[in-house]
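*Asks:*
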Amino acid sequence: MSAISSEQRSATEPKVLPTLPSVHWTERYFRFLWGTVGIVGCLLLWQLGSSTEVLDPLFVSSPLEVLRTALRLLPSPEFLGHLFITTQCLFLGLSIALVVGVVVGLPIGWFPRLNATFEPVIAAVYGVPYIAFLPVIIMWTGIGMTSRVIIVFWSAVFPLIINSIQGAREVDDNFLRVITLPSSVPYILAGLRTSIGRAIVGVVVAEFFMSSKGLGYFINLKANALEMAPAFVAIVLLALFGITLVSIVTYIENRFCNW
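Per the numbering used here, the sequence shown runs over residues 9 to 267.
1. Under 8 Å by Cβ, that's how I've got W101 and F161 pegged, so tell me the actual separation to the nearest angstrom.
2. Check whether the region 149-165 and the region 204-220 are in contact - that is, three or more C-beta pairs closer than 8 Å.
3. Check this for me: beta carbons of A164 and G89, under 8 Å apart or not?
4. For K221, does the three-state DSSP call read helix, strand or coil?
5. Spatial neighbours of V244 within its chain, please: C-beta separation below 6 Å, excluding the five flanking residues on both sides.
6. Give the straight-line distance between the Cα atoms of G152 and T94, rounded to the nearest whole angstrom.
7. By Cβ distance, which residues of its chain are closer than 6 Å to V136, with the 5 residues on each side in sequence left out?
8. Whole angstroms is fine: what's the gap from S191's alpha carbon to G57's?
9. Can you name the start and end residues of the alpha helix (DSSP H) that P143 belongs to?
10. Output yes or no for whether 8 Å exceeds the beta carbon distance between L1 and P71.
11. Sorted by chain position, which residues of the same chain lie with C-beta nearer than 8 Å to A231's C-beta, five sequence neighbours on each side aside?
12. As a quick exercise: from V213, P167, F141, pick the residue whose alpha carbon is nearest that of A281.
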């Protein structure tokens, strides 16, 4: 039998195909790209509206003016103090809401009797705007950090409770003790994403009415004085808070919940 030539051998050997990027990473980059396009597009429209005075410059500052003001404000100890107060209040309230939401929600989802007892109560209280509780909270705790943290907690806890209940109910009773918590994590993280936005709204509302410090107080103070550029700096920072926290939660979900 004649020896196989090198050309024939190379033709019969399997060829290694180039490695393609995973669908998961491709989708992530696609979403990031179009998200960036959307943000840049909104900024350009905002700048165009300000330049052409379609947006009244008395009430809406341009993005460039907001940027210049931000560069002036961010090194300021006074502004950093407002930022620190808001960050502290937001993370305290959100952290307590996360713990309470999971600890309360999972048992209610596990046991049908608890679910039947507390589900109407949760639905009733969740349906009432939390701002309606401001006078009661002020009377109970006064005006200070405690009352503001309670407002943030109140605004954030119910999506976490509801999603924890749903996550626990999705698990087969035969595997309740083994996989309930891991299987509930995607539901809890989905609730946390919703709670982040509600917590930011809560901290701003609390600082509007119950504080002489914080970004909410700063926005209210500057807007009443028609100093819109500093007010928009604080608004943009709050938006960046939300985007950053939601992005972190989404990353954790994509990284650890792909089962």
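Just so it is clear, CB atoms sit at the ideal spot from N, CA and C, and this is done for glycine as well.
*Replies:* Here's the rundown:
1. This sequence places Gly at residue 101; Trp is not what is there. About 4 Å; that satisfies the 8 Å criterion.
2. A contact is defined here as three or more CB-CB pairs under 8 Å, and the region 149-165 meets this definition with respect to the region 204-220.
3. Not closer than 8 Å, so no.
4. Correct three-state label for K221: coil.
5. So the list is empty, once near-sequence residues are dropped.
6. Straight-line measurement puts the Cα of T94 at about 12 Å from the Cα of G152.
7. Excluding positions up to five away in sequence, the list is empty.
8. Taking the straight line from one Cα to the other gives about 48 Å.
9. Counting along the chain, P143 sits inside the alpha helix (DSSP H) bounded by residues 142-149.
10. Because the chain spans 9 through 267 in this model, residue 1 falls outside it and cannot be assessed.
11. By the criterion of a C-beta distance shorter than 8 Å, A231 is surrounded in its chain by A239, once the five residues flanking it on both sides are discounted.
12. No answer is possible for residue 281: it lies beyond the span of the chain, which begins at 9 and ends at 267.
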